[in-house]
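Heads up, the thing below is written out as structure tokens.
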Amino acid sequence: MALICCALILADLLTKAFSVMYLKNQDPIVILPGILELKYLENRGAAFSILTNHQGIFILIAVLAIFFLTWVLLRCPIHHHYLGFRICLILILAGAAGNLIDRCTLGYVRDFIYFSMIDFPIFNIADCYVTIATVLLIVLILFVYRGDHDFDFLKQAR
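As numbered in our numbering, residues 111 to 268 make up the sequence shown, in order.
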């Protein structure tokens, strides 16, 4: 699972590097006219530019999330029942790590995916990991992990 997480982080960082090479200081690349564009942005905040230039807060949150997710993953049983849960946690971990690397090394996050149809904030692959995995995790918790003992592994001492 660590290799998968590292591969996801690498994919995120590579797409961000390509966005710098091919999109920075360039006109957007229209993928689907009126719907989807690739458009470079250096994001110094979070979605909708909230908390712009408060990198310390984002770094602290990301570090805490990475430690917590790693702790949960290390406790989570390696059993097919928890495969979806583990995949979601790995995606969230990889997304947090990818954006953390940007924040620590550059002072901002490189974003480049833009849904022009709904004027959605520009985002990146790491954001996709976190968003998709969070939605899936909510669905799993609501409909799959409903048993009284599904999360007992978090209470057990190791």
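Just so you know, even glycine gets a beta-carbon here, dropped at the ideal spot from N, CA and C.
Remember, predicted model here, so these are calculated numbers, not experimental data.
Discussion item. Would the segment 241-257 count as touching the segment 196-203 if we require 3 or more Cβ pairs under 8 Å?
Written reply: Proximity of the segment 241-257 to the segment 196-203 meets the contact definition, three or more beta-carbon pairs being nearer than 8 Å.
Worksheet item: DSSP three-state call for Lys265: helix, strand or coil?
Response: Here Lys265 sits in coil by DSSP.
Worksheet entry | Cα-Cα separation between Phe225 and Val140, rounded to whole angstroms | Using only the alpha carbons, I get a separation of about 10 Å.
Worksheet item: Between Leu118 and Arg213, what straight-line distance do the alpha-carbon atoms span, to the nearest angstrom?
Response: Cα to Cα, Leu118 sits roughly 17 Å from Arg213.
Discussion item. Just to confirm before moving on: does the CB-CB distance between Gly205 and Asp122 stay below 9 Å?
Written reply: Here Gly205 is near Asp122, since their CB atoms are less than 9 Å apart.
Practice prompt. Name the one or two DSSP bridge partners that Tyr224 has.
Written response: Looking at the DSSP assignment, Tyr224 forms a beta bridge with Glu147.
Item to complete: Have a look at Leu184, Tyr192 and Ile223 and flag the residue whose alpha-carbon is nearest the alpha-carbon of Leu148.
Response: It is Ile223.
Discussion item. In whole angstroms, give me the CA-to-CA distance for Ile228 and Pro143.
Written reply: Their Cα atoms are separated by approximately 12 Å.
Practice prompt. Pick helix, strand or coil for Asn209, following the three-state DSSP scheme.
Written response: The answer is helix: DSSP assigns Asn209 an H, G or I state.
Discussion item. Is the beta carbon of Leu183 closer than 9 Å to that of Met111?
Written reply: Their beta carbons are under 9 Å apart, which means Met111 touches Leu183 by this criterion.
Worksheet entry | Assigned exposure category for Asp237 - 16 Cβ within 10 Å defines buried | Flag for Asp237 reads buried.
Worksheet item: Does the segment 164-173 come within contact of the segment 187-195, defined as at least 3 CB pairs closer than 8 Å?
Response: The segment 164-173 vs the segment 187-195: no contact.
Fill in: Pairwise C-alpha distance: Pro138 and Gln266
Pro138 has its alpha-carbon roughly 51 Å from the corresponding atom of Gln266.
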